[in-house]
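Residue numbers (our numbering), protein chains in the order written: chain F, 2 to 156; chain G, 25 to 272. Where is the CB? At the ideal position from N, CA and C, for every residue including glycine. In this text, all values refer to a predicted model and were calculated from it rather than measured experimentally.
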Amino acid sequence: MEDVHPSPGTTHVLIHSDGTTRQVHVTDIETPYPHGKLIVSRTDTRGIITQCNPSFVDMSGYTHDELIGQPHYILRHPDMPAATFQALWSTVRAGRQWNGYVKNLRKDGGHYWVYATVVPNIRDGCVVGYTSVRREPSRDRVIAAEAQYREMRRP
Amino acid sequence: MSFNFTVSPSFPNERISDWYIFNTWLQRQLGLPIHLELHDNFGAQRQAIAAGRVDMIYANPFDAALLVRDKGFQAIARPEGNADEMVVVVAADSPAHSIPELPAGIRLACTDDPCVNTLGRILLEPANLEAGNTRELRRETYIQVTKALLRGDADAGFLPVEAFNGLSPLVRRDLRVLVTSQIQVIHHVFLVGPALLPHAEAIARQLLSMHQTEKERAMLAALGASRWQALEQEDVEFMIDILSTLTS
Chain F
2 MEDVHPSPGT
12 THVLIHSDGT
22 TRQVHVTDIE
32 TPYPHGKLIV
42 SRTDTRGIIT
52 QCNPSFVDMS
62 GYTHDELIGQ
72 PHYILRHPDM
82 PAATFQALWS
92 TVRAGRQWNG
102 YVKNLRKDGG
112 HYWVYATVVP
122 NIRDGCVVGY
132 TSVRREPSRD
142 RVIAAEAQYR
152 EMRRP
Chain G
25 MSFNFTVSPS
35 FPNERISDWY
45 IFNTWLQRQL
55 GLPIHLELHD
65 NFGAQRQAIA
75 AGRVDMIYAN
85 PFDAALLVRD
95 KGFQAIARPE
105 GNADEMVVVV
115 AADSPAHSIP
125 ELPAGIRLAC
135 TDDPCVNTLG
145 RILLEPANLE
155 AGNTRELRRE
165 TYIQVTKALL
175 RGDADAGFLP
185 VEAFNGLSPL
195 VRRDLRVLVT
205 SQIQVIHHVF
215 LVGPALLPHA
225 EAIARQLLSM
235 HQTEKERAML
245 AALGASRWQA
255 LEQEDVEFMI
265 DILSTLTS
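See below:
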């Protein structure tokens with residue numbers, strides 16, 4: 002449910018692994034995960050979005066054209082610890098599958114929680130990109146992940 | 025020598041004769057002897073695949089993955105617009121009105137369809153339901169799954185959308201859909217195996233032009249499709265990547 006009187010939000014500066022600095026607007030509004038849907042996207046080996054399904058577009062708040070060609074970290078929420086994404090990338094670059102709970106940032110500054118799985122796309126023995134599928138997490142698991150990430154962000 | 029064709033046993037029973045009609049049509053178009061063998065369940069179909077008794081198949085996404093990656097099959101077409109979706113259903117008098125209201129310990133009625141069962145299990149995750157805290161009641165057919173729900177033998181059941189929509193209005197009235205999958209990206213595919221690969225192009229040509237005459241459109245409609253759509257190997261590889269995320 003969307004908040005009738007949304008908080009004005011806060012501004013954060015994110016520094017990404019490629020050295021890019023990005024200022025993002027964040028509110029505390031959560032968009033519930035749509036029951037029954039899977040969010041699917043593909044990236045190239047650099048993490049640039051090459052393909053996504055309508056559920057990805059709907060939940061992100063961006064248009065399809067705004068997403069294609071952008072780095073996947075366009076969805077990065079400042080509450081997500083950098084170590085989580087470092088673990089994700091080192092796992093999939095090694096050719097293995099990664100799973101985890103992720104708080105994603107919407108274009109409007111709100112967020113949505115997912116249980117994400119990322120697999121390397123291996124063709125003729127080479128990693129040519131990555132496929133990510135997100136599904137609805139249970140509320141208990143989201144609460145546990147929130148607590149874990151809060152702990153990880155503690156200086 | 026005759027080639028063997030089969031169809032994943034997830035289609036409604038009333039389509040059995042339509043698949044035989046399709047097979048007769050395909051044999052005539054290709055001038056090849058093709059024997060259609062329909063298996064009662066997925067176990068029997070997998071045995072036939074393992075024994076090398078399948079040369080061509082209209083397969084569910086999970087079997088397609090196995091056949092492409094491990095058995096050298098090539099995907100040539102899929103029905104346009106028909107993604108494989110499923111529903112989690114309960115009896116209309118069930119106290120549960122949403123997935124999170126399903127309690128641990130429930131009895132789940134399902135068949136041995138790996139695709140429907142995998143998607144169904146994923147849709148139960150928001151309720152923290154998994155193999156360890158549910159009891160699976162395997163049934164031979166989707167009609168039996170429905171009966172288990174209506175008799176109170178099961179608390180929830182998995183059905184393909186197509187099978188649910190094929191139930192009579194009276195039966196559907198006594199059931200409640202808790203959630204419908206909207207995966208959008210996985211679907212049945214038409215595959216040819218190594219023995220038929222020299223004819224793959226001719227088979228694809230026949231399938232892709234099948235919607236062009238009224239008679240053949242009717243044949244397609246009887247199988248639940250409007251036309252066949254060409255499929256590239258990469259389309260199937262992408263689907264396989266997606267499936268691998270669902271079985272983790």
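Ends of the alpha helix (DSSP H) at G/N141? P138 to L148
For the candidate residues F/S139, F/G110 and F/G101, whose alpha-carbon lies nearest to that of F/P79?
F/G110
Inset, instruction - Answer yes or no: does any C-beta atom of chain G fall closer than 8 Å to that of F/P33? - result: no
**Request:** Determine which residues of the stretch 126 to 140 of chain F have a Cβ less than 8 Å from any Cβ of chain G, and write them out in chain order.
**Result:** T132, S133, V134, R136, E137, P138, S139 and R140
*Can you tell me the Cα-Cα spacing of F/Y60 and G/R163, whole angstroms?*
Here residue 60 of chain F is Met; the residue named in the question, Tyr, does not match the sequence. Near 37 Å, if we compare the C-alpha coordinates of G/R163 and F/M60.
Determine the burial state of G/L231: buried for a count of at least 16 other Cβ atoms within 10 Å of its Cβ, exposed for fewer. buried
- Taking all protein chains shown into account, do 16 or more other C-beta atoms lie within 10 angstroms of the C-beta of G/A155, making it buried, or fewer, making it exposed? exposed
| message | Please classify F/Q87 as buried or exposed, where buried requires at least 16 other C-beta atoms within 10 Å of its C-beta. | response | exposed
### Query
How many whole angstroms separate the CB atoms of G/A249 and G/D79, which I take to be in contact at a CB cut-off of 8 Å?
Not confirmed; about 21 Å, so no contact.
Item to complete: Provide the residue span of the beta strand (DSSP E) that contains G/M80, from first to last.
Response: M80 to A83
Checklist line | Chain-ordered chain F contacts of G/N152 [CB-CB under 8 Å] | finding: S139, D141 and R142
Taking only beta-carbon positions, decide if G/T135 is within less than 8 Å of chain F. no
Discussion item. For the stretch 256 to 271 of chain G, list every residue whose C-beta sits within 9 Å of some C-beta in chain F, in sequence order.
Written reply: E258, E261, F262, D265, I266, S268, T269 and L270
Classify G/S34 as buried or exposed, calling it buried when 16 or more other Cβ atoms lie within 10 Å of its own Cβ.
buried
Q. Going by other Cβ atoms of all chains shown within 10 Å of its Cβ, with 16 needed for buried, is G/L194 buried or exposed?
A. exposed
Notebook entry, point to check: Can you list the residues of chain F that G/T204 reaches, using a CB-CB cut of under 7 Å?
Noted result: G37
Exercise. Do three or more CB pairs link the stretch 139 to 154 of chain G to the stretch 250 to 266 of chain G at distances below 8 Å?
Worked result: no
message = Quick check on F/N54 - is its C-beta less than 8 Å from some C-beta in chain G?
response = yes
For this session: Would you tell me roughly how many angstroms separate the C-alpha atoms of G/Y44 and G/A88, rounded to the nearest one?
Result: 21 Å
Three or more C-beta pairs below 8 Å linking the stretch 191 to 209 of chain G and the stretch 63 to 74 of chain G:
no
* Own chain partners of G/N129 with C-beta closer than 8 Å, once the 5 adjacent residues on each side are dropped -> Note on identity: in this sequence residue 129 of chain G is Gly, with Asn being the wrong assignment. Result list for G/G129: N157, T158 and R159, in chain order.
Practice prompt. Assign G/Y44 to one of three DSSP states: helix, strand, or coil.
Written response: helix
What are the boundary residues of the alpha helix (DSSP H) that includes F/N122? Here F/N122 belongs to no alpha helix (DSSP H); instead the beta strand (DSSP E) covers H112 to R124.
Quiz item: According to the neighbour-count rule (16 or more other Cβ atoms, all chains shown, within 10 Å of its Cβ), is F/V54 buried or exposed?
Solution: Before going further, note that residue 54 of chain F is Asn rather than Val in the sequence given. Buried is the call here.
### Message
Quick check: the Cα distance between G/E240 and G/F29, rounded to an integer number of angstroms?
### Response
19 Å
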